[in-house]
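Enquirer: Would you mind keeping the following structure in view while I ask a few things?
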Amino acid sequence: MFRNTYDSDNTVFSPQGRLHQVEYALEAVKQGSAAVGLRSKTHSILLALKRSSGELASYQQKMFRIDDHVGIAIAGLTSDARVLSNFMRQQAMSSKMVFNRPIPVNRLVSSIADKAQVNTQEYGRRPYGVGFLVIGQDQSGPHLYEFSPSGSAYEYYAMSIGARSQSAKTYLEKYYESFDDCSLEELITHGLHALRETLQQDKALNVNNTSIGILGPASQHETSVPSGGGFRILEGEILQPFLDTMVPKETSAAPATTSSDDDVQMQE
Amino acid sequence: MPDMVSIGQPQQRQFNPYSENGGTILAIAGANFSVIAGDTRQSEGYNIQTRYAPKVFRLTDKAVLAVNGFAADGSMFVKKVKQRLEWYRHAHAKDMPLRAIARLIQTMLYSRRFFPYYVYNILGGIEEDGSGAVYSFDPVGSYERESCRAAGAAQSLVQPFLDNQIYFKNQRPPPGTSNPTHLPLHEVLSLVIDSFTSATERHIEVGDGLEIFVVLAKGSTTQGLENFANVQEMTQTREGERMFNIRRNLKRD
Amino acid sequence: MDHFPTNWGRPRNDAFDAYGTYPIAQRPYNGLKDAFAEGVQHTQQPIVTGTSVLAIKYKDGVMMAADNLASYGSLARFKDVQRLHPVGTNTVVGAGGDMSDFQYIQSLLDGLMIEEFTEQDGHSLGPAEIHEYLSQVMYGRRSQINPLWNALLVGGFKEGKRFLAYVDLLGTTYSASTLATGYGAYIAQPLLRKAVEGNEDKLTEEEAMQILEANLKVLYYRDARSLNKFQIAKITAAGVSITESKSMDTTWSFAEGIRGYGSQTQ
């Protein structure tokens, strides 16, 4: 990234029609560790890689519960994420207070996208330095959205954000057509395979550095799931049975859960 | 209320923001369980507004709140408490312990000291040490932990009965024995049901339906609960406290 | 609770409304009078008022009825007022009490539905959501001691479910298979309960209509602030439909012989 004349104020376009500050904010998202989201007919799930600054430090929180029917995974500045997730919780609660209705997921995502957009247009502000994957469930079934600091929010079958997320995306693009009919366990296995792609050479997924967020009916490995399959975050030992379903890297070109080998190009 | 003499003179009507919606609630704590109950009639004056308006609410897997008094204040108060508990869950990723909920309720009630929620609250559930507990509140937040409490329209009918049957007031134990400190669940449930059938007989604002919540401490048996009709388990998680709901009919006249 | 033992078991003195001018009867108040009552300017009282609204659940949905009168005290001031208001395609709100407050509520609801419509995302507000919203509005206003002086019924049908609930100027809410506001709560409610309770899934549209019309007639005979011109709304899977205004045949010849009804002076 290079400094240039048009990057100190986010309200000023470059001659190429770009807002450099906004693009730098998108870079901040790429600095964060990766998060992956997938969706089937019955479930939507999030998987995230937690980083720790050293052996003695704890792992950073990558997922937040917004409401029974909404959860997010983040990549980028955690402090910005806390501000935004707090706002989302308020929105969700106000919908419950005023209408006794769980907030429609698309409206919740639009509300933070609108907030982020203001920061790309008003003088004296800075864009948020964080991206979200949002999963939610409403009358129209499970959903997965990506939110980014540019103020955009799109719905996806599967998506990844954060450091080296392109590798995960490549995996997802290869298999996403089979996700619709996957069981929760199969979906998680796909998610773990995708997340694994973002790791550095000598690293592996384990119960300490992985988080899984689930929306939808319980898996056979889960014990206490909120009725109606509300959002829950799995961390620690309970992850082991899921990690065990991963096919070792060398042979993972053809995982047990699907036979599709076709390389499907997904729209960027 | 204007008296009959003032007819003919211009009269000022003041808007009274409160009403009283009848009904009675009751909670009894056992050694390792808690029972919280309320009738389901909602009335105003001599009108029965509905025969089914719940007054007892599940807050967490181990806490139940019963509200009685002005129904609009009651439902708003329960809503606000539930919101605060949700924020606690967001911040700490666990349910608020019972004694903390009790203090929260006192703070919320007292914050409206000069425009009170006209609501009598009874909170029942399981403490962190596994004991059954009941907390009772007045509308502005005074509270204490007790073994049993009745509130609402038929408080004056039910509480003396409980004093006698739970605290053994005015009873002398048979020579050489002592009164038990805690009653078993099936006896407590019988007392609750008897309290409400009697209150229904003697108080016009009590009746229609009875809703009983039972919270069992972690690891305790169902203690004969399965023998009751219309028992429904409401437990959300597989380990930990268990919660049950029992519905019965009361006389509708 | 009234802690003064001498008040226990006595009849409430809530019957005072000598001229029956106000459709919402004075609420029971047995406590002490506020010592500063004299010094406070009080918000309001209803001015132009509508009387009862009736509603029942039946086989296909919910049916609601109200007459077309808006009274100014004992004067029958406006005789072509619609007190049943459709909200979206699944809900009807019926109002008794102050008609200007009701018009304000209608504009609130219309604005709300436009906002919801412009989202264009397949989500819509059903009767349950509208009732919750109205409860919050009514309770919010009573908490500012500036109430919207109405008793409202919200009836609807959405996703195969009937909905019927009440909310009033205090924010008090409840739900039942028969509901009535104002004088209807005293006169019609017992008759409605007898006809409907337990038969909610059996009553046909014709029977439901008959029950409501019979009750409107009873109210017209007994409620001096009512009018023999009314509308009936039904909310079913097919949506909302509200009838044109109509009336019923009534007989008053019996009144001749009854003191208090006829022209006798003694």
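Protein chains in written order, with UniProt numbering: chain A, 1 to 268; chain B, 1 to 253; chain C, 1 to 266. Quick reminder that beta carbons are idealized off the backbone N, C-alpha and C, glycines included.
Name, going along the chain, the residues of the region 43 to 77 of chain A whose beta-carbon falls closer than 7 angstroms to a beta-carbon of chain B.
Expert: So the close ones are 65.
Enquirer: Hey, out of A/236, A/33, A/117, whose CA is closest to residue 152 of chain A's CA?
Expert: Checked all of A/236, A/33, A/117; the closest Cα to residue 152 of chain A is A/117.
Enquirer: Answer yes if the region 61 to 77 of chain A comes into contact with the region 130 to 141 of chain A, meaning at least three C-beta pairs across the two stretches below 8 angstroms, and no otherwise.
Expert: The region 130 to 141 of chain A, when compared against the region 61 to 77 of chain A, does touch it at the 8 angstroms Cβ threshold.
Enquirer: Any chance you could list the alpha helix (DSSP H) runs of at least 4 consecutive residues sitting entirely within the region 149 to 218 of chain C, in chain order?
Expert: For the region 149 to 218 of chain C, whole alpha helix (DSSP H) runs of length 4 or above, ordered along the chain, are 183 to 196.
Enquirer: What did DSSP end up calling residue 254 of chain B once you bin it into helix, strand or coil?
Expert: Since the first and last residues shown for chain B are 1 and 253, residue 254 of chain B lies out of range.
Enquirer: Run the CB neighbour count on residue 127 of chain C, radius 10 Å, all protein chains shown included, and call it buried at 16 or more, exposed below.
Expert: By the 10 Å Cβ count, residue 127 of chain C comes out buried.
Enquirer: Could you check whether the Cβ of residue 99 of chain A sits closer than 8 angstroms to any Cβ belonging to chain C?
Expert: Interface residue, yes.
Enquirer: So the alpha helix (DSSP H) residue 72 of chain C belongs to, where does it begin and stop?
Expert: Element bounds for residue 72 of chain C: not the alpha helix (DSSP H) but the beta strand (DSSP E), 70 to 72.
Enquirer: From the beta carbon of residue 62 of chain B, is the nearest beta carbon of chain A less than 8 angstroms away?
Expert: No, residue 62 of chain B lies away from the interface with chain A (no Cβ there is under 8 angstroms from its Cβ).
Enquirer: Comparing the C-beta of residue 225 of chain C with each C-beta of chain B, is any distance below 8 angstroms?
Expert: No, its Cβ sits nowhere closer than 8 angstroms to a Cβ of chain B.
Enquirer: Please report how far the alpha carbon of residue 110 of chain A lies from the alpha carbon of residue 252 of chain B, in whole angstroms.
Expert: Distance between the alpha carbons of residue 110 of chain A and residue 252 of chain B: 50 angstroms.
Enquirer: Applying the 10 Å Cβ sphere with the 16-neighbour rule, what's the burial state of residue 202 of chain A?
Expert: Under this definition residue 202 of chain A is an exposed residue.
Enquirer: Please report the straight-line C-alpha distance between residue 50 of chain C and residue 92 of chain C, rounded to a whole angstrom.
Expert: Their Cα atoms are separated by approximately 16 angstroms.
Enquirer: Starting from the beta carbon of residue 82 of chain C, find every residue of chain A whose beta carbon is closer than 8 angstroms, and list them in chain order.
Expert: Those do not exist, as residue 82 of chain C stays about 26 angstroms from chain A at its closest Cβ, beyond 8 angstroms.
Enquirer: Got a sec? Which residues, its chain only, sit under 8 angstroms from residue 100 of chain C by beta carbon, not counting five neighbours each side?
Expert: Taken in chain order, the residues that qualify are 47, 48.
Enquirer: What's the call for residue 222 of chain C, buried or exposed, on a 16-neighbour Cβ count within 10 Å?
Expert: Residue 222 of chain C comes out exposed.
Enquirer: Under 6 angstroms Cβ to Cβ from residue 268 of chain A, same chain only, skipping five residues before and after it: list those, please.
Expert: Note that residue 268 of chain A has pLDDT 40, beneath the 50 cutoff, so the model's placement of it is unreliable and no number is given.
Enquirer: Expressed to the nearest angstrom, what Euclidean distance is found between the alpha-carbon atoms of residue 218 of chain B and residue 42 of chain B?
Expert: Near 34 angstroms, if we compare the C-alpha coordinates of residue 42 of chain B and residue 218 of chain B.
Enquirer: Taking DSSP as the reference, what is the three-state secondary structure of residue 11 of chain A?
Expert: Coil.
Enquirer: Alpha helix (DSSP H) containing residue 115 of chain A: first to last residue?
Expert: From DSSP, the alpha helix (DSSP H) with residue 115 of chain A extends over 105 to 118.
Enquirer: Quick check: is the beta carbon of residue 49 of chain B nearer than 8 angstroms to any beta carbon in chain D?
Expert: In summary, chain D is missing from the structure at hand, where the protein chains are A, B and C.
Enquirer: Should residue 138 of chain C go down as buried or exposed, given a rule of 16 or more other Cβ atoms within 10 Å for buried?
Expert: It counts as buried.
Enquirer: What's the gap between the Cα of residue 193 of chain C and the Cα of residue 226 of chain C?
Expert: Rounded to the nearest angstrom, the two C-alpha atoms are 21 angstroms apart.
Enquirer: Below 7 angstroms CB to CB, which residues in the same chain sit around residue 217 of chain C once its five sequence neighbours on both sides are set aside?
Expert: Once the five neighbours on either side are set aside, the close Cβ partners of residue 217 of chain C are 248, 250.
Enquirer: Opposite residue 55 of chain B in the DSSP bridges: which residues?
Expert: Its beta-bridge partners do not exist; DSSP assigns none.
Enquirer: Can at least three beta-carbon pairs, one atom from the region 114 to 124 of chain B and one from the region 61 to 69 of chain B, be found at a separation below 8 angstroms?
Expert: These segments touch.
Enquirer: Verify whether the separation of the beta carbon atoms of residue 233 of chain A and residue 213 of chain A is less than 8 angstroms.
Expert: Yes; because the gap between Cβ atoms is below 8 angstroms, this pair is in contact.
Enquirer: Counting only beta-carbon separations shorter than 8 angstroms, does residue 104 of chain A have a partner in chain B?
Expert: Chain B contact via Cβ: absent.
Enquirer: Quickly, what does DSSP pair residue 64 of chain C with across the bridge? List them, please.
Expert: Answer by DSSP bridge pairing, in chain order: C/55, C/233.
Enquirer: Using three-state DSSP, classify residue 117 of chain B as helix, strand or coil.
Expert: Note: residue 117 of chain B maps to coil in three-state DSSP.
Enquirer: Along the chain, which unbroken stretches of the beta strand (DSSP E) at least 3 residues long are found entirely within the region 78 to 126 of chain B?
Expert: Runs found: 119 to 126.
Enquirer: Could one say the Cβ of residue 92 of chain B lies closer than 8 angstroms to chain A's Cβ atoms, at least one of them?
Expert: No - not a single Cβ of chain A is within 8 angstroms of the one on residue 92 of chain B.
Enquirer: For residue 232 of chain A, decide whether its Cβ has a neighbour in chain C, counting only Cβ atoms nearer than 8 angstroms.
Expert: Chain C, which has no Cβ nearer than 8 angstroms to the Cβ of residue 232 of chain A, makes this no.
Enquirer: Could you list which residues in chain B have their beta carbon closer than 7 angstroms to that of residue 145 of chain C, in chain order?
Expert: The answer, in chain order, is 15, 17.
Enquirer: Taking residue 79 of chain B as the query, report the chain A residues whose CB atoms sit under 8 angstroms from its CB, ordered along the chain.
Expert: 97, listed in chain order.
Enquirer: Which residues in the same chain have their Cβ closer than 6 angstroms to the Cβ of residue 246 of chain A, if we skip the five residues on either side of it in sequence?
Expert: Around residue 246 of chain A: 192.
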